[in-house]
Amino acid sequence: MALPSIALPGTLLGPATKYLPGPGTHIHNAQIYASIAGPVVSSPSRPPPPSSKPAPTPKTNAKSKALPLLSISQPNPTNDTAAGILGVGGGSGATILPEVESTVLARITRLGARFATAEILVVNDIVCASTFQAMIRREDIRATEKDKVTIADSFRVGDLVRGVVISLGDQSNYYLTTAQNELGVVMATSEEGNTMFPVSWKEFIDGRTGRREGRKVAKPF
Amino acid sequence: MAAASDRRRINAPSSGTSAPVFARTVKEPGYLQSLRPARTRRPNELRKTFLQTGIVPSASGSAYLEIPTTSTPNSKSTLIPPTSSLKITASIQGPKPLPRSAPFSPSLLLTTTVKFAPFATRHRRGYIRDAAERDLGVHLETALRGVIIGERWPKSGVEVVITVLEGDEDGWWGDAGQESASGMNGGGWALLNVLAGCITVASAAIVDAGIDVVDVVSGGVAAIVRDPTARNETERKVRILDPSPAEHQEIVAACVVGYLASRDEITEIWMKGDVGADSDGLIEGATYAAVGSVGVLKDVLLEAVEAKFKNQAATTSKEGTKRKQQDVKMTG
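Top to bottom, those sequences are chains V and Y. Just so you know, we're using full-length UniProt numbering here: the first sequence kicks off at 1 and counts up by one. Just so you know, we're using full-length UniProt numbering here: the second sequence kicks off at 1 and counts up by one.
Here it is as structure tokens:
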């Protein structure tokens with residue numbers, strides 16, 4: 001059966017024995033159906049099948065290697081020229097939620113003794129329409145010497161932090177970690193309000209005054 | 001009355017405003033009846049539907065539905081339209097993070113709000129939602145809950161906000177004065193039509209918002225009406241699809257369904273009146289009406305998706321320049 005080029009919710013895409021369900025699809029009676037409207041994309045699945053499939057099929061890994069992954073692509077949410085009679089932004093749709101293991105950019109909003117609070121601004125390179133509350137616990141700030149970490153020497157309010165979501169958390173907060181070399185503060189301003197530059201894994205320097213401030217610094221790419 | 005307790009807004013007269021009564025309707029008793037609209041469609045023919053998605057720029061998804069009136073005035077001498085049309089807008093807010101006070105939810109929390117505009121019906125509505133509007137909201141929520149795949153959106157909520165700009169009427173305006181004489185069986189038939197419209201337009205808005213659903217749900221209404229021209233008693237009750245209450249002197253029973261056409265499932269059903277033995281026939285009729293509206297729905301959505309993705313492909317190359325052109329400079 002040929003795949004339709006554009007699917008609407010409820011459109012039959014193919015049997016679950018021949019394809020893997022990707023984002024924007026669901027399984028009903030061993031058949032894959034579309035669940036959002038958009039163009040159908042069939043991509044050969046990568047050797048390790050993605051673990052974050054919405055509805056994993058009960059089949060062996062060896063078998064699923066050969067199956068193509070069916071997904072419905074969403075319109076790019078940052079592109080506000082999407083359709084609608086108003087031209088720009090008319091129902092551009094496609095909001096994104098942080099998931100476990102997604103890389104996010106967050107701004108520190110509050111410091112506590114045991115954790116820092118942040119708001120997630122960007123998820124997987126896509127700017128969110130609204131921010132999400134997040135929390136970085138003291139033990140998740142760095143991988144080594146966890147007991148010697150202090151919040152005040154790692155973050156300041158207003159810092160931009162690259163982190164990874166480790167849990168959807170409780171009712172209000174997503175839990176983030178910065179316990180990798182590539183994760184941590186990427187942009188910071190000094191107490192005087194000047195932009196600072198990273199000088200080591202734990203320090204930023206104010207270019208104008210030359211003063212050093214402690215941070216959990218993200219390794220520059 | 002809800003409006004009476006609303007002290008924060010300027011309220012309409014609590015008794016409503018009445019249209020002028022023309023001398024001719026009083027002098028000639030037959031004249032008023034000659035204005036009565038009659039159904040010109042076949043029993044299984046639906047009214048025409050207009051649907052458009054993406055009408056509210058700030059919402060993540062939105063749609064507008066209009067079912068225009070089909071009856072033309074029998075006489076050129078009156079300005080009062082014989083029947084009203086149905087005009088509904090829907091907008092989707094979210095999925096967005098839950099408020100701080102809300103407990104953890106592993107799936108999408110759905111909130112539906114149905115509000116009649118104060119000018120939507122011949123009797124002016126209040127600004128605060130009344131019982132009928134809350135009831136419609138609950139019915140709509142039931143219809144939508146069955147189609148949304150909520151597990152895809154943990155810790156988030158979505159709001160479906162429906163505004164009825166013009167609602168169907170419970171009966172013909174000429175009957176309004178003699179309600180007790182004609183023995184109206186309850187009234188409120190228009191709510192069924194409004195609910196069917198709400199389901200269809202909300203479904204379009206949800207697909208526009210890109211929220212995962214198992215199928216496109218659509219609403220449909222069927223009714224059993226008494227045909228005054230029929231000869232014997234058995235022929236008098238007729239099943240019709242998509243009734244316009246003003247066109248019928250007496251509606252015996254009516255039913256609205258929220259129907260998933262490709263799965264053959266019903267998510268919402270609301271039956272009203274004296275159905276008799278053939279309730280299945282009435283429900284079946286309502287599903288036929290829903291299949292009729294899903295045809296419109298799918299065409300509109302397909303058109304919107306094609307436009308959305310064509311536009312996106314065209315603008316990725318010259319996005320910067322195009323956006324600048326669309327900025328409007330305010331002067332003066």
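Beta carbons: idealized from backbone N, C-alpha and C, even for Gly.
Original post:
Under 7 Å between C-beta atoms, does residue 100/Y make it to chain V?
Top reply: Position 100 of the second sequence, counted from the first residue, corresponds to residue 100/Y. Yes, its Cβ sits closer than 7 Å to a Cβ of chain V.
**OP:** Decide if the segment 116-136 of chain Y is in contact with the segment 49-69 of chain Y; the criterion is three or more beta carbon pairs, one per stretch, under 8 Å apart.
**Re:** no
**OP:** Report the option in 24/V, 171/V, 178/V and 96/V whose CA atom is closest to the CA atom of residue 101/Y.
**Re:** Looking up residue 101/Y in the second sequence gives position 101. Of the listed residues, the one whose Cα sits closest to residue 101/Y is 171/V.
Subject >> 7 Å Cβ cutoff, residue 151/V in contact with chain Y >> reply: Stepping through the first sequence from its first residue, residue 151/V is reached at position 151. Chain Y contact via Cβ: absent.
Original post:
What are the start and end residues of the beta strand (DSSP E) that includes residue 106/Y?
Top reply: Position 106 of the second sequence, counted from the first residue, corresponds to residue 106/Y. Segment: none, residue 106/Y is in no beta strand (DSSP E) and carries neither H nor E.
**OP:** Express the C-alpha separation of residue 57/Y and residue 9/Y in angstroms, rounding to a whole number.
**Re:** In the second sequence, the residue the question calls residue 9/Y occupies position 9. In the second sequence, the residue the question calls residue 57/Y occupies position 57. C-alpha separation (whole angstroms): 28 Å.
Original post:
Where does residue 188/V fall in DSSP's three states?
Top reply: Within the first sequence, numbered from 1, the residue matching residue 188/V stands at position 188. Residue 188/V falls in the coil class under three-state DSSP.
**OP:** Below 7 Å between beta carbons is the criterion; list the residues of the segment 158-182 of chain V that meet it against any residue of chain Y, in chain order.
**Re:** 168, 170, 171 and 172
Original post:
Pick from 216/Y, 270/Y and 167/Y: whose alpha carbon is nearest that of residue 292/Y?
Top reply: For the purposes of this step, residue 292/Y is taken as residue 292 along the second sequence, with counting starting at 1. Of the listed residues, the one whose Cα sits closest to residue 292/Y is 216/Y.
**OP:** Output, in sequence order along the chain, the residues in the segment 286-312 of chain Y whose CB is closer than 7 Å to any CB in chain V.
**Re:** 298, 301, 302, 304, 305, 306, 307, 308, 309, 311 and 312
Subject >> Runs of beta strand (DSSP E) wholly within the segment 216-298 of chain Y (minimum 3 residues, chain order) >> reply: 217-226, 237-241, 251-260 and 265-273
Original post:
Can the beta-carbon of residue 153/Y be found less than 7 Å from the beta-carbon of residue 108/Y?
Top reply: Counting from one through the second sequence, the residue named residue 153/Y turns up at place 153. Counting from one through the second sequence, the residue named residue 108/Y turns up at place 108. Yes, the Cβ-Cβ distance between residue 153/Y and residue 108/Y is below 7 Å.
Original post:
Where do the ends of the alpha helix (DSSP H) carrying residue 137/Y lie?
Top reply: The sequence position of residue 137/Y within the second sequence is 137, counting from 1. Here the alpha helix (DSSP H) through residue 137/Y covers 131-145.
Subject >> Opening and closing residue of the beta strand (DSSP E) in which residue 105/V lies >> reply: Locating residue 105/V in the first sequence gives position 105, where the first residue counts as 1. Counting along the chain, the beta strand (DSSP E) containing residue 105/V begins and ends at 103-111.
Original post:
Does the beta carbon of residue 10/V come closer than 7 Å to any beta carbon on chain Y?
Top reply: Within the first sequence, numbered from 1, the residue matching residue 10/V stands at position 10. Judged by the 7 Å Cβ criterion, residue 10/V is in contact with chain Y.
Subject >> For residue 171/V, the three-state DSSP class (helix, strand or coil) >> reply: On the first sequence, position 171 is the one that residue 171/V refers to. Three-state result, residue 171/V: coil.
Subject >> Per-residue contacts from residue 38/V into chain Y (C-beta, under 9 Å) >> reply: Against the first sequence, residue 38/V aligns to sequence position 38. Within chain Y, the residues near residue 38/V are 210, 305, 308 and 309.
Original post:
Anyone know if the C-beta pair for residue 267/Y and residue 146/Y falls short of 7 Å?
Top reply: Here residue 267/Y refers to the residue found at position 267 when the second sequence is read from its first residue. Here residue 146/Y refers to the residue found at position 146 when the second sequence is read from its first residue. Yes. Within cutoff.
Subject >> As assigned by DSSP and simplified to three states, the class of residue 142/V >> reply: On the first sequence, position 142 is the one that residue 142/V refers to. If DSSP states are grouped into helix, strand and coil, residue 142/V belongs with coil.
**OP:** Buried or exposed for residue 204/V, please, with buried defined as at least 16 other CB atoms from any protein chain shown within 10 angstroms of its CB.
**Re:** Sequence index remark: in the first sequence, residue 204/V carries index 204 (1-based). It is buried - the Cβ of residue 204/V has at least 16 other Cβ atoms within 10 Å.
**OP:** Starting from the C-beta of residue 280/Y, find all residues in its chain whose C-beta is less than 6 Å away, skip the five residues before and the five after it, and write them out in chain order.
**Re:** Start at 1 with the first residue of the second sequence, and residue 280/Y comes out as number 280. Excluding sequence neighbours, residue 280/Y sits near nothing in its chain.
Original post:
Tell me the DSSP bridge mates of residue 9/Y?
Top reply: Here residue 9/Y is taken as the residue at index 9 of the second sequence, counted from 1. Its beta-bridge partners do not exist; DSSP assigns none.
Original post:
With a cut-off of 7 Å, does the C-beta of residue 31/V fall near any C-beta of chain Y?
Top reply: Walking along the first sequence from the start, residue 31/V turns up at place 31. Judged by the 7 Å Cβ criterion, residue 31/V is not in contact with chain Y.
Subject >> Rounded C-alpha distance that separates residue 88/V from residue 130/V >> reply: On the first sequence, residue 88/V is found 88 positions in, with the first residue counted as 1. On the first sequence, residue 130/V is found 130 positions in, with the first residue counted as 1. Confidence at residue 88/V is low in this model, with a pLDDT of 38, below 50, so its placement is unreliable and no value can be given for it.
Subject >> Separation of residue 196/Y from residue 29/Y, as counted between CA atoms >> reply: On the second sequence, residue 29/Y is found 29 positions in, with the first residue counted as 1. On the second sequence, residue 196/Y is found 196 positions in, with the first residue counted as 1. Their Cα atoms are separated by approximately 36 Å.
Original post:
Taking the Cβ atom as the reference point for each residue, do residue 125/V and residue 177/V lie within a distance shorter than 7 Å?
Top reply: For the purposes of this step, residue 125/V is taken as residue 125 along the first sequence, with counting starting at 1. For the purposes of this step, residue 177/V is taken as residue 177 along the first sequence, with counting starting at 1. Contact flag unset, no.
**OP:** Let me know if residue 40/Y comes out buried or exposed under the rule of 16 or more other beta-carbons within 10 Å of its beta-carbon.
**Re:** On the second sequence, residue 40/Y is found 40 positions in, with the first residue counted as 1. Looking at its Cβ environment, which holds fewer than 16 other Cβ atoms inside 10 Å, residue 40/Y is exposed.
**OP:** Report the neighbours of residue 97/V on chain Y: residues whose CB is nearer than 8 Å to its CB, in chain order.
**Re:** Position 97 of the first sequence, counting from 1, holds the residue named residue 97/V. Those are 95, 153, 154, 155 and 156, listed as they occur along chain Y.
Original post:
Is residue 245/Y closer than 7 Å to residue 170/Y when the C-beta atoms are compared?
Top reply: Translated into positions along the second sequence, residue 170/Y becomes position 170. Translated into positions along the second sequence, residue 245/Y becomes position 245. In contact: residue 170/Y and residue 245/Y (Cβ atoms closer than 7 Å).
Subject >> Proximal chain Y residues relative to residue 6/V, where beta-carbon distance stays under 7 Å >> reply: In the first sequence, the residue the question calls residue 6/V occupies position 6. Near residue 6/V (Cβ distances below 7 Å), the residues of chain Y are 302, 305 and 306.
**OP:** Flag residue 207/Y as yes if its beta-carbon sits less than 7 Å from any beta-carbon of chain V, otherwise no.
**Re:** As a working note, residue 207/Y is residue 207 in the second sequence. By this cut-off, residue 207/Y is an interface position.
Subject >> Residues sharing a beta bridge with residue 164/V, DSSP >> reply: Within the first sequence, residue 164/V is the residue found at index 164, counting from 1. The partner list for residue 164/V (beta bridge, DSSP) reads 103/V and 177/V.
Original post:
CA-CA distance, residue 91/Y and residue 182/V?
Top reply: In the second sequence, residue 91/Y corresponds to position 91, counting from 1. In the first sequence, residue 182/V corresponds to position 182, counting from 1. Rounded to the nearest angstrom, the two C-alpha atoms are 41 Å apart.
Original post:
So is residue 161/Y in contact with chain V if we call contact Cβ pairs under 7 Å?
Top reply: Mapped onto the second sequence, residue 161/Y falls at position 161. It does not; no Cβ of chain V falls within 7 Å.
Subject >> residue 13/Y versus residue 5/V - alpha carbon distance >> reply: In the second sequence, the residue the question calls residue 13/Y occupies position 13. In the first sequence, the residue the question calls residue 5/V occupies position 5. When rounded, the distance between both Cα atoms is 56 Å.
Subject >> Under 9 Å (Cβ pairs) to chain Y, residues found in the segment 119-145 of chain V >> reply: 129, 130, 131, 132 and 133
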